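Trainee: So that we are looking at the same thing, I have put the structure below in structure tokens.
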Amino acid sequence: MINQDAAPRSDALRQYGPGLYGWGRFQPRWSFDFNGHALVCDGPDAGHVLVVDPPALLPAELDAVRALGSRFTVLLLNADHERDSAAVAAALGASVLAPAADVSLLRQRAVQAVNAGSPLPGGFELIALSDQKTPGELALHHAARRVLVLGDAIVGDPIRGLRFVPLMKILDHEAARQAVAALLDLDFDTLLLSDGFCLPQGGKAALAAALPAIAPFKPPPA
40 MINQDAAPRS DALRQYGPGL YGWGRFQPRW SFDFNGHALV CDGPDAGHVL
90 VVDPPALLPA ELDAVRALGS RFTVLLLNAD HERDSAAVAA ALGASVLAPA
140 ADVSLLRQRA VQAVNAGSPL PGGFELIALS DQKTPGELAL HHAARRVLVL
190 GDAIVGDPIR GLRFVPLMKI LDHEAARQAV AALLDLDFDT LLLSDGFCLP
240 QGGKAALAAA LPAIAPFKPP PA
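Okay, here's the thing in structure tokens:
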């Protein structure tokens with residue numbers, strides 16, 4: 040387990056907890072950030088950093104991510120979060136992992152397909168989510184560190200709170216809700232979201248409280 044006092048510190052990145060870092064690029068249409076996460080592994084995989092759903096990195100942010108470790112893997116939780124992953128992976132000398140069912144939807148081709156249960160460094164685990172925006176949507180969980188990372192399954196909207204992606208992007212709203220509700224069986228407190236705000240503490244309680252009342256969301260005009 041990463042020790043808080045021994046964890047790297049960075050002024051250029053957000054820190055959500057020991058070994059949990061992030062950054063964001065603001066999206067005017069949505070009034071929130073698209074987030075990337077840099078998750079530092081420990082134990083036998085110390086020095087390995089998982090970089091999840093990365094938008095573009097500013098130079099200072101890139102330097103800060105590089106300072107977190109010596110080996111990097113970029114992980115996409117769905118095809119729509121390809122974002123700036125190719126450039127980030129090239130800058131870090133990293134491979135790119137993406138859900139097997141979403142690989143054909145990506146622009147880049149040098150991608151390693153993964154599924155629920157595929158091995159990841161640092162004790163992180165991939166979990167499949169059905170009935171989501173893309174067919175391969177995955178969640179990322181670390182039981183011992185009590186962390187859950189979601190791509191498009193839940194959005195942290197600063198105006199509306201925790202919500203789903205726009206209605207037209209989900210075929211079965213209730214099935215999507217049930218798939219996310221199953222995540223409440225996991226042990227987590229930190230909830231990191233790739234869209235909108237994150238919850239360093241109280242994430243499971245917040246999701247459990249919000250989920251029954253989440254209504255279909257109609258997006259603002261483009």
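Heads up: the sequence shown runs through residues 40 to 261, numbered per the numbering used here.
We put the CB at the ideal spot given by N, CA and C, even for glycine.
Remember, it's a predicted structure, so these values are computed and weren't measured experimentally.
Sort W62, A140, E176, D81 by Cα distance to D123 and report the nearest one.
Mentor: Along the sequence shown, read from residue 1 onward, the residue named residue 123 stands at position 84. Nearest of W62, A140, E176, D81 to D123, Cα basis: W62.
Trainee: Among the residues of its own chain, which have a CB less than 6 Å from the CB of V104, if the five just before and after it don't count?
Mentor: Counting from one through the sequence shown, the residue named residue 104 turns up at place 65. A77.
Trainee: Below 8 Å, can you find three or more Cβ-Cβ pairs linking the stretch 212-223 to the stretch 184-198?
Mentor: A contact exists between the stretch 212-223 and the stretch 184-198.
Trainee: Along the chain, which unbroken stretches of the beta strand (DSSP E) at least 3 residues long are found entirely within the stretch 66-111?
Mentor: Complete beta strand (DSSP E) runs here, min 3: 71-79, 87-91.
Trainee: Quick one: what does DSSP say P138 is sitting in, helix, strand or coil?
Mentor: Residue numbering aside, residue 138 sits at position 99 when the sequence shown is read from its first letter. If DSSP states are grouped into helix, strand and coil, P138 belongs with the strands.
Trainee: Going by other Cβ atoms of all chains shown within 10 Å of its Cβ, with 16 needed for buried, is I253 buried or exposed?
Mentor: Reading the sequence shown from its first residue, position 214 is the one you call residue 253. So I253 counts as buried.
Trainee: With D201 as the anchor, note down where its beta strand (DSSP E) starts and where it stops.
Mentor: If you number the sequence shown from 1, residue 201 lands on position 162. A small correction: the amino acid at residue 201 is Leu; Asp does not occupy that position in the sequence shown. That run of the beta strand (DSSP E) goes 200-202.
Trainee: Quick one: Cα of P138 to Cα of G58, how far?
Mentor: On the sequence shown, position 99 is the one that residue 138 refers to. On the sequence shown, position 19 is the one that residue 58 refers to. Answer to the nearest angstrom: the Cα atoms are 24 Å apart.
Trainee: Give me, in chain order, the residues of the same chain whose beta-carbon lies closer than 8 Å to that of A118; leave out the 5 immediate sequence neighbours on both sides.
Mentor: For this step, residue 118 is matched to residue 79 along the sequence shown. Around A118: A137, P138, D141, V142, L144, L145, T173, G175.
Trainee: I need the straight-line Cα distance from K243 to A129, nearest angstrom please.
Mentor: Position 204 of the sequence shown, counted from the first residue, corresponds to residue 243. Position 90 of the sequence shown, counted from the first residue, corresponds to residue 129. Distance between the alpha carbons of K243 and A129 is about 34 Å.
Trainee: Quick check on the burial criterion: 16 or more other C-beta atoms within 10 angstroms. Buried or exposed for L187?
Mentor: The residue labelled residue 187 in the question sits at position 148 within the sequence shown. So L187 counts as buried.
Trainee: Could you tell me whether the stretch 198-214 touches the stretch 94-104, where touching means 3 or more Cβ pairs closer than 8 Å?
Mentor: Short answer: they don't touch.
Trainee: For G86 and S109, which I take to be in contact (beta-carbon distance under 8 Å), what is that distance rounded to the nearest angstrom?
Mentor: Translated into the one-based positions of the sequence shown, residue 86 becomes position 47. Translated into the one-based positions of the sequence shown, residue 109 becomes position 70. 4 Å between Cβ atoms; contact.
Trainee: G156 to L168, Cα distance in whole Å?
Mentor: In the sequence shown, the residue the question calls residue 156 occupies position 117. In the sequence shown, the residue the question calls residue 168 occupies position 129. If I take the Cα positions, the gap works out to 12 Å.
Trainee: Roughly how many angstroms lie between the CA atoms of P67 and D224, to the nearest whole one?
Mentor: In the sequence shown, counting from the first residue as 1, residue 67 sits at position 28. In the sequence shown, counting from the first residue as 1, residue 224 sits at position 185. Their Cα atoms are separated by approximately 35 Å.
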